[in-house]
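FYI, our numbering numbers position 66 of the sequence shown as 1521, with every residue one higher than the one before it. Glycine residues also receive a C-beta, built at the ideal position from the N, C-alpha and C atoms. What you are looking at is a predicted structure, and each value in this text was computed from that prediction instead of being measured. Everything on this sheet refers to the single structure shown next.
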Amino acid sequence: MTELQSPYSFVNDPVEKSYFISSVNGEAETADNNGFITKLDHNGKLLNLKFIQGGKDDITLHAPKGMALVEHVLYVADLNTLRGFDTTTGKPVMALAIRPPATSQPEPLQTSLSDVTFDGKRHLYCSDQKANTIYRVDLTTQTVSVLITDRSLAGPSGLAIHPKSGQIIAVSWEKGKISEISPEGVVTEIVSNGFFSNRFQNLRGVDFDRWGNMYVSDFTTGKVWRMSWDKRFQVIAEFLPSPGDLSIDRANNLILVPYELAHAAEMNGLETPSDGKPKKEKRTLADYGFIPPPPKPAVEGSVNK
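Structure, rendered in structure tokens:
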């Protein structure tokens, strides 16, 4: 998919069987009201390049970044505002301003939302990369509270909810760190760069497949990593042009990756891990990439017994 302008996030809508891509279309921190969101059909074909467009039809949309879907509403992180749009009509249904936490610094912080994720119940969580903060949004009351402000989050960028534990997973832009945050706001470090290793640089996106494997994108190194449940890491793609806020279409086992600096996005199929197969089916050498050679032809005149 091309024709995008600094695409940031790429998500699927399991209800309407469609896909959405957010395009910043300019400076990432500028309120210029020219951001747009593209809609694709269930096959990934373009339906409307500018399905939702800032500055048109009374829509305000400056620099759309991370997105999350809840039933028929697409929630979008847009600078200091969490916006909601109807997934069928594209019309705005919510605009919730989010104020940064109070600090003792002489210069007040400016909210800079990076991503948003849904816990499957009643709460959205938004990351604020500059303020090292994660906000909790109650969809029932449409109120905002600070879940956690902690420098150890190191510029939280991408967010996801662990499909098994329900914990919030945050990846950091500044220190290549992956953290787990409980609904009570307790931060636990899962993975970080060590003294002798520098695996990650600037992490942008995170999500999980149906088997609980985690996928993270490194914007600077151009890699997408997969981490299995036992914390084994594998690079599944590299030499990518600025992979952004990726997501996983679990129903179709697809990975959705925007390329911000290349103004493009793509979806690709993920391999099915052996652990995802029915329990009665045994592993084969093919699970490890080994394809046996074809049998040799019988010698002329010989008889097989």
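Between the beta-carbon of S1461 and the beta-carbon of E1715, is there less than 8 Å?
yes
Where the beta strand (DSSP E) containing P1713 begins and where it ends
L1709 to Y1714
Note down, in chain order, each residue of its chain lying with its Cβ closer than 6 Å to the Cβ of N1668, except the 5 sequence neighbours on either side.
R1681 and S1683
Please list, in chain order, all residues of the same chain as K1678 whose beta carbon is under 6 Å from its beta carbon, the five residues on each side excluded.
V1690 and E1693
Using 10 angstroms around the beta-carbon of Q1584, count the other beta-carbons present and answer buried if the total reaches 16, otherwise exposed.
buried
What does a CB cutoff of less than 6 Å around T1536 pick up in its chain, not counting 5 residues either side in sequence?
A1550 and A1552
List the endpoints of the continuous beta strand (DSSP E) containing M1682.
K1678 to M1682
Segments assigned beta strand (DSSP E), at least 3 residues, entirely inside the segment 1515-1601:
1519-1525, 1528-1533, 1536-1541, 1547-1552, 1568-1573, 1578-1583 and 1588-1593
Whole-angstrom distance between N1488 and P1733, CA atom to CA atom:
The predicted model places P1733 with a pLDDT of 44, which falls under 50 and marks its position as unreliable; any figure quoted below should be read in that light. So the alpha carbons of these two residues sit roughly 50 Å apart.
Unbroken beta strand (DSSP E) run spanning M1722, endpoints
A1719 to G1724
Express the C-alpha separation of F1506 and A1717 in angstroms, rounding to a whole number.
21 Å
Run the CB neighbour count on L1608, radius 10 Å, all protein chains shown included, and call it buried at 16 or more, exposed below.
buried
Endpoints, beta strand (DSSP E) assigned at P1638:
Run containing P1638: none; DSSP gives neither H nor E here.
Which first and last residues belong to the beta strand (DSSP E) in which G1660 is found?
L1658 to F1663
Inter-residue Cα distance where the pair is L1709 and V1466
11 Å
Pull up the CB-CB distance for T1572 and L1614, whole angstroms please, since I reckon it's below 8 Å.
4 Å
Neighbourhood of I1645 by C-beta, 7 Å cutoff - its chain only, sequence neighbours within 5 removed:
I1633, S1634 and E1635
In the structure shown, what three-state DSSP assignment does L1701 receive?
coil
Note down, one range per segment and in chain order, each beta strand (DSSP E) of at least 3 residues found wholly within the segment 1456-1494.
1462-1468 and 1473-1478
Round the Cβ separation of T1542 and V1528 to the nearest angstrom and send it over; I've been treating them as touching at under 8 Å.
7 Å
How long is the line joining the alpha carbons of P1519 and D1496, rounded to whole angstroms?
20 Å
In angstroms with no decimal places, state the Cα-to-Cα distance between N1480 and Q1508.
10 Å
In the DSSP assignment, what are the bridge partners of P1611?
S1627
L1502 - containing beta strand (DSSP E), residue span
L1501 to Q1508
How long is the line joining the alpha carbons of I1703 and F1674, rounded to whole angstroms?
17 Å
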